[in-house]
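Residues in the sequence shown are numbered from 2 upward in steps of one, following my numbering. The C-beta atom is built at its ideal place from N, Cα and C for all residues, glycine as well. Scroll down for the structure; my scribbles are underneath it.
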Amino acid sequence: MNGDRPAEWKKLLTAAAAKCGRPVRLMEVCGSHSTAIARWGLRSLLPESVELLSGPGCPVCVSGAGFIDRTIALCRMGVRVALFGDLLRVPGNTGMTLGGEAMTMVIYSPSEALEYAVAHPAERVVLAAVGFEATTAAVAALLEKAVELDVPNFSLLTDFKYLRPALDVLTDGAVPVDGFLLPGHVAAVVGRAGFAGLSRPGVIAGFAAEEILHSIVILLTRIAAGDCAAVNDYPAVVPEQGTPRALAAIDRFFENTDGEWRGLGILGGACRKLRPEWSRFDASVQYELPLPPPPQINGCRCGDVLRGMIRPEACPLFGRVCTPEHPGGACMVSMEGACAAAWIYRERV
Ligand code: SF4
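So this is what it looks like as structure tokens:
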């Protein structure tokens with residue numbers, strides 16, 4: 002932003018915050034928002050009465066350490082594992098990462114995994130993927146193709162999250178949140194309708210600096226009014242009812258299940274797994290992977306960061322032993338992780 006714009010936004014934000022009549026805690030639940038807010042130093046425009054926390058919006062950060070353990074186990078069975086590069090540096094329960102595993106193959110799109118399996122029929126290929134609704138929809142579309150092509154050497158190991166139930170946990174927690182900046186990418190799949198029933202106000206936001214600031218002003222206004230119906234402030238991308246084709250593909254292949262969100266524990270119905278009728282694509286069934294052991298505690302406070310109880314800077318390891326070059330926890334690994342964003346753009350936070 003140039004010229005007078007920051008000062009104008011400061012005024013607007015201050016006026017909107019004053020209507021709340023009390024300190025408020027907002028939370029962005031999208032890793033891309035965390036990065037954008039840190040990159041542009043948007044926190045510096047907020048009045049003191051508004052705290053903006055980073056929630057569980059980075060898929061790499063909230064994936065259970067057991068997922069990494071199981072992916073390492075697949076590599077050691079001689080299975081080719083296709084994954085996004087961020088996963089290579091996330092520690093599993095034993096502290097080991099996928100970085101040293103020769104059977105990994107870094108991809109930039111899930112479709113590369115299927116193409117590789119088709120081109121190498123003698124190899125066993127697993128797509129290891131984590132993510133929210135946008136990634137789940139992309140992988141469901143890929144499965145439609147795998148069914149059509151009948152690719153017997155291709156399967157999935159996934160840790161897909163269903164965001165909506167996790168928001169309720171954040172409003173019921175020890176440090177309740179007053180309102181959410183809702184993720185535009187997830188909303189493009191589920192629509193504004195996918196955020197029905199929130200107990201706190203929420204605004205679906207775009208990703209440009211002024212789009213985010215505009216959504217924060219609306220969010221403060223909704224908090225002041227006590228209106229919890231979600232607002233779509235990204236209508237060019239987010240349809241009211243979401244994307245029917247993507248929702249149908251997700252529903253065809255996946256069902257909701259209980260599962261671990263790193264830092265939040267086991268959440269009821271907040272994950273997605275392959276339906277039993279598609280077990281031929283389920284690597285955990287095909288390769289009889291053991292269930293993961295319980296997570297270890299190593300001093301990393303990712304859990305508190307992801308619940309909005311502390312800012313990353315409050316973790317005693319932040320910037321000392323934990324940096325993006327040497328991550329001590331999942332939140333420092335991905336560019337979308339709250340700790341990585343806070344460290345990289347620290348002078349502007
Ligand atoms: S700074 Fe590092 S160790 Fe601390 S909570 Fe963040 S990722 Fe974990």
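Under the three-state reduction of DSSP, tryptophan 279 is assigned to helix. Methionine 104 sits in coil when the DSSP states are folded into three classes, being neither helix nor strand. With a contact defined as Cβ atoms closer than 8 Å, alanine 206 and leucine 182 qualify at about 5 Å.
In the DSSP secondary-structure assignment, proline 184 is bridged to Ala206.
Sequence-distant partners of glycine 100 (beyond 5 residues in either direction) whose C-beta falls short of 7 Å from its own C-beta, in its chain, are Leu89, Arg90.
In this chain, the beta strand (DSSP E) harbouring glycine 260 covers 255-262.
For arginine 347, the distance from the CB to the nearest heavy atom of the ligand SF4 is not below 7 Å. With respect to alanine 118, valine 152 sits close: the two C-beta atoms are nearer than 8 Å. Annotation for threonine 244: no alpha helix (DSSP H) segment contains it, and DSSP assigns it neither H nor E.
Between the alpha carbons of glycine 86 and isoleucine 108 lies a distance of about 7 Å. Judged by DSSP in its simplified three-state form, glutamate 289 adopts coil rather than helix or strand. Contact annotation: aspartate 259 and glycine 269 have beta-carbon atoms nearer than 8 Å. For glutamate 52, the three-state secondary structure derived from DSSP is strand. According to DSSP, glycine 132 shares a beta bridge with Phe161.
By the neighbour-count criterion, in which a residue is buried when 16 or more other Cβ atoms sit within 10 angstroms of its Cβ, arginine 273 is buried.
Between valine 190 and alanine 114, the beta carbon gap of about 21 Å keeps them out of contact (Cβ cut-off 8 Å). One alpha carbon belongs to alanine 167, the other to isoleucine 219, and they sit about 22 Å apart. Residue pairing of valine 25 in beta bridges, as defined by DSSP: Val51.
For leucine 43, the three-state secondary structure derived from DSSP is helix.
Listed in chain order, the non-local C-beta contacts of aspartate 234 below 8 Å within the same chain comprise Val204, Ile205, Ala206, Gly207, Glu212, His215, Ser216, Ile219, local neighbours out to five positions each way being set aside. In the DSSP assignment, phenylalanine 196 is bridged to no other residue. By the Cβ criterion, the region 57-71 is in contact with the region 28-45, since at least three pairs of Cβ atoms, one from each stretch, lie closer than 8 Å. The criterion of a C-beta distance shorter than 8 Å is not satisfied by leucine 221 and glycine 309. For leucine 84, the uninterrupted beta strand (DSSP E) segment begins and ends at 81-84.
For methionine 333, the distance from the CB to the nearest heavy atom of the ligand SF4 is below 7 Å. Burial is judged here by how many other beta carbons sit within 10 angstroms of a residue's own beta carbon; leucine 150 has fewer than 16 and is exposed. The three-state secondary structure of isoleucine 267, taken from DSSP, is strand.
Counting C-beta pairs closer than 8 Å gives fewer than three between the region 300-319 and the region 274-285, which falls short of the contact rule. The C-alpha of proline 325 is placed about 6 Å away from the C-alpha of alanine 341. Residue side-chain check: glycine 96 keeps its Cβ at 7 Å or more from all non-hydrogen atoms of the ligand SF4.
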